[in-house]
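Student: For reference, the structure I am asking about is given below.
Numbering (my numbering), first residue to last: 532 to 717.
And the structure:
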């Protein structure tokens, strides 16, 4: 009888050790794969950022451009629930440093209730922007090295429609440049 108990105890401890070893292997593999996933996601974001910067630099190859917007179509297509946007960059056309300020808002004259539903308003369209204004200093005859990123946080219950937004930029308080962006919600 004593030999049967010892054999059972030995099998139990070997089984326990195998389970512990397998659990540790799975834990290590899990950590490894999580690191690879997050590492590749960070690299993808960095490559997108560098692509945007290179596209904006291409736009500034023409000396006449003082404002570059990406995407160049100036149409931002988002799905309900998305948090994405557009980027813009400025070239200082003067030789002295200047303070640039920007403000972005939905176009006042747009027929929001007719195009996006009777209960939709300009205030709601403006509310979707994560940041709608900002400022930065730019040296003389320089281009902003990092584009300004404007994000929209589109709620799931947003109507499917197109909304025009206006970007107004001033330099030292004087009008400098402006353009429109079209947000298309699908």
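Where a beta carbon is used, it is the ideal one built from N, C-alpha and C, also for glycine. Since we're looking at a predicted model, the values are computed, not measured.
Over the uninterrupted alpha helix (DSSP H) stretch that includes residue 658, give me the two end residues.
Tutor: 653-658 is the span of the alpha helix (DSSP H), which, as asked, contains residue 658.
Student: In angstroms, rounded to a whole number, what distance separates the CA positions of residue 645 and residue 691?
Tutor: About 12 angstroms.
Student: Is the separation between the beta-carbon of residue 597 and that of residue 698 shorter than 8 angstroms?
Tutor: Cβ atoms of residue 597 and residue 698: not closer than 8 angstroms.
Student: Considering only the beta carbon of each residue, do residue 618 and residue 680 sit closer than 8 angstroms?
Tutor: In this structure, residue 680 lies closer than 8 angstroms to residue 618 by Cβ.
Student: Suppose you measure from the CA of residue 702 to the CA of residue 606; what does that come to, to the nearest Å?
Tutor: If you take the alpha carbons of residue 702 and residue 606, they lie about 25 angstroms apart.
Student: Roughly how many whole angstroms lie between the Cα atoms of residue 675 and residue 622?
Tutor: Cα to Cα, residue 675 sits roughly 7 angstroms from residue 622.
Student: Within its chain, find whatever has a CB closer than 8 angstroms to the CB of residue 571; leave out the 5 residues flanking it on each side and keep chain order.
Tutor: Low local confidence applies: a pLDDT of 49 at residue 571 is under 50, so the model's placement there is unreliable, with the coordinate-based value given in what follows. Result list for residue 571: empty, nothing under 8 angstroms.
Student: Would you please state the rounded distance, in angstroms, between the beta carbons of residue 656 and residue 694? I believe it to be under 8 angstroms.
Tutor: Yes, residue 656 and residue 694 are in contact; Cβ-Cβ is about 5 angstroms, under 8 angstroms.
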